[in-house]
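To start, the structure under review is shown below, and the notes come after it.
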Amino acid sequence: MTTRKHLPYRFDVDLTGFRLPEGFLFGVCNSPYHVEGFYNHAGAPFNQWGRWELDGIVETSGEANDFWNRYRAHIDKAKALGLNAFRMGFDWTRVQPTYQPDAGTEPPFDPSAFDRYADIVAAIYDAGMEPVITIYHFIQPAWVGVNLWIEDALVEKFMAYAATTVYEVNRRLVDRGYPAIWFWVTFNEPGIPPQCNYLNLEHPHDPATAGMDSAVTNQDNILACHVKLYGLIHEMYRREGWRTPHVGFNTVANSLYEFDKGLYDLCRAREHGVMRDALPAYFDAQRQDFYAYYNRIADRRLGAISEKRLDYEHSKHDATRDFNPLKFTRAIDALYASQTPQNMDYVAINIYDPFLAGVKYEKPAGAEISIAEPANRPGWWDWDHERKTYEDHLELYGRDTLGLPLYILEASIGHKQPLFGKAEPRPDGLTRIQYLKETLGEVMRAIQKGYPVRGYLYWTLADNYEWGTYTVRLGLLEYDFANHVICDTDAFGLPTGQTYAALIAAMRSGDPVALAALFGSLETVSG
-18 MTTRKHLPYR FDVDLTGFRL PEGFLFGVCN SPYHVEGFYN HAGAPFNQWG RWELDGIVET
42 SGEANDFWNR YRAHIDKAKA LGLNAFRMGF DWTRVQPTYQ PDAGTEPPFD PSAFDRYADI
102 VAAIYDAGME PVITIYHFIQ PAWVGVNLWI EDALVEKFMA YAATTVYEVN RRLVDRGYPA
162 IWFWVTFNEP GIPPQCNYLN LEHPHDPATA GMDSAVTNQD NILACHVKLY GLIHEMYRRE
222 GWRTPHVGFN TVANSLYEFD KGLYDLCRAR EHGVMRDALP AYFDAQRQDF YAYYNRIADR
282 RLGAISEKRL DYEHSKHDAT RDFNPLKFTR AIDALYASQT PQNMDYVAIN IYDPFLAGVK
342 YEKPAGAEIS IAEPANRPGW WDWDHERKTY EDHLELYGRD TLGLPLYILE ASIGHKQPLF
402 GKAEPRPDGL TRIQYLKETL GEVMRAIQKG YPVRGYLYWT LADNYEWGTY TVRLGLLEYD
462 FANHVICDTD AFGLPTGQTY AALIAAMRSG DPVALAALFG SLETVSG
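For what it's worth, this note's numbering labels the leading residue of the sequence shown as -18, then goes sequentially.
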């Protein structure tokens, strides 16, 4: 549990001559299982979490935010905040639905799901926002089961889903006079499924397949699919005469290279001019660079000598041995077989506490499953936000983009609030208003340093269902689940959404007076 309080600090970014890069994206994010509602009960599509919902292992998702039907309310709220980007996902569970909780026969594609997703994207366009679309956000239909990423036949089924959905939704949009979708996220946090499915066991899993071998195969297949999807989407767009797409994925901050920047380094090896036989030396050099940088973060966070620091050093050794990118042979084969050295159009990061798992990357033996408060890491409301961590990661990635734009595709802090219950302040005392000022301040610092930051998307617009629980709340705005209404303040009555809008307006204006009014006298809190 977090024990240190956020301490006051004075904003110290030089705002002289600040100018936001043209086309900078400010937005919010969601994903299907979090918000769409009406999963995993009689007459509704079942995903791989359905059995856990039915067995009471996790809280039932119910109607969630009913985004599937009430999407316009969310889009209108986002538009009112002055946003120009809205991130959401397409769900395989909707596209090839099955109405039973366990694996079964593969069903046909459902054209009505393509119609609905086209409706939602069209509404985002109509609101003047760029749709940012995730193809895979940890969810698959129940008929696929829980071992998608370690069974070759299922991986092929995923590729068919992805290719069909990208084409069918775009075809509907273009036929209505809208542009084809530009911004694609192939995989949200591709390093998370190996951990949650096979190591930490926080997501539905098969105990018989748990362990490092399955985790490596999982990661290998996901990265190989990204490389193939990148080529497939670009080729489809060329063939159809659609605008050139913007395709990539987003990693999440992790103190271990193999679960963090190593994923980017593999997919960008050919861009670095690395021949296949030079990969061992390349990864060694990239790893050493990462840890030379990260050791300074660890010194600050864990101390030079401590039990946690010793655990971290052991974990670095184990990750290098067990999860080395050289083991991802399918991904490497796909990379060197691709038509182009480039397999990323952008770099995107989600910055949370990089030491979330207490520098352990396997679940303790015999630990009980708990979604909101897992045994192997702090509860979501105890995740340690440190302003300096944002500065560090924007620099770590910003100095190595090879000319690509850099996006923050998730930024968030959580608090604890059971469904229909009272909100509990974070133990560290941090509010979302303070968090927004600190993190957006670091975005400005990075831009002033010349790093190519081109977007900041907050997770999420309104509180939602979060991986098996309603107790974790992350919204800019509170969601009234009883009446399905998005409130005008956050759960503590604070004008967090309005503050986000004001911060965005000031950053867009570049007006030093407006910036100073919102940022210059900042005396919030920082670790």
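Here a beta-carbon is modelled for each residue, glycine too, at the ideal position from N, C-alpha and C.
Only a predicted model underlies this, so the values are computations on that prediction, with no experimental measurement involved.
Where the beta strand (DSSP E) through residue i begins and ends
| i | result |
| --- | --- |
| G436 | V434 to W440 |
| E111 | E111 to Y117 |
| F168 | F164 to N169 |
| V228 | H227 to V233 |
| F7 | L6 to C10 |
| A66 | A66 to G70 |
Residues sharing a beta bridge with residue i, DSSP
| i | result |
| --- | --- |
| A495 | None, per the DSSP bridge assignment. |
| Y460 | I467 |
| R157 | Answer is none; R157 lacks a bridge partner. |
| I330 | T232 and I389 |
| N28 | P122 |
| R454 | H396 |
| E354 | None, per the DSSP bridge assignment. |
| A443 | L458 |
| E405 | K397 |
Residue j beta carbon less than 7 Å from that of residue i
| i | j | result |
| --- | --- | --- |
| G229 | A329 | yes |
| A144 | L213 | yes |
| T115 | N46 | no |
| A234 | P335 | yes |
| Y371 | E288 | no |
| L438 | G109 | no |
| P78 | A123 | no |
| C177 | W440 | no |
| A84 | G126 | yes |
| L204 | A300 | no |
| V76 | F48 | no |
| L411 | H366 | yes |
| P322 | E252 | yes |
| N65 | V136 | no |
| I467 | L458 | yes |
| H207 | T167 | yes |
| V150 | Y98 | yes |
| I485 | G63 | yes |
| D373 | I278 | yes |
| S195 | Y179 | yes |
Endpoints, the alpha helix (DSSP H) within which residue i is located
| i | result |
| --- | --- |
| G31 | G31 to L35 |
| M425 | R413 to Q429 |
| A103 | P92 to D107 |
| E216 | M193 to E221 |
| G243 | K242 to C248 |
| N316 | The question names Asn, yet the displayed sequence has Leu at residue 316. That run of the alpha helix (DSSP H) goes T310 to A318. |
| Q269 | L260 to L283 |
| G63 | Where G63 is concerned, there is no enclosing alpha helix (DSSP H), given that its DSSP letter is neither H nor E. |
| W73 | W73 to V76 |
| R290 | E288 to D303 |
| S490 | T477 to S490 |
| Y14 | P13 to V16 |
Whole-number beta carbon distance between residue j and residue i, since they are thought to touch under 8 Å
| i | j | result |
| --- | --- | --- |
| K60 | L442 | That pair is no contact at about 11 Å. |
| A353 | W364 | A353 to W364, Cβ: 12 Å. No contact. |
| Y432 | L387 | 6 Å |
| N181 | N357 | 5 Å |
| V197 | F119 | That belief does not hold up - the Cβ atoms of V197 and F119 are roughly 18 Å apart, past 8 Å. |
| Q398 | A472 | 6 Å |
| T450 | E40 | 5 Å |
| R249 | M325 | 6 Å |
| W163 | R224 | 6 Å |
| Y52 | A104 | 6 Å |
| F509 | T146 | The chain is shown from -18 up to 508; residue 509 falls before or after that span and cannot be answered. |
| V(-6) | M488 | At roughly 11 Å, the Cβ-Cβ gap does not stay under 8 Å, so V(-6) and M488 are not in contact. |
| G172 | L244 | 6 Å |
| F(-8) | Q429 | Their Cβ separation, rounded to whole angstroms, is 13 Å, which puts F(-8) and Q429 out of contact at 8 Å. |
*Runs of alpha helix (DSSP H) lying entirely within the segment 364 to 401, each at least 4 residues, in chain order*: Unbroken alpha helix (DSSP H) stretches of 4 residues or longer found wholly inside the segment 364 to 401: 368 to 379, given in chain order.
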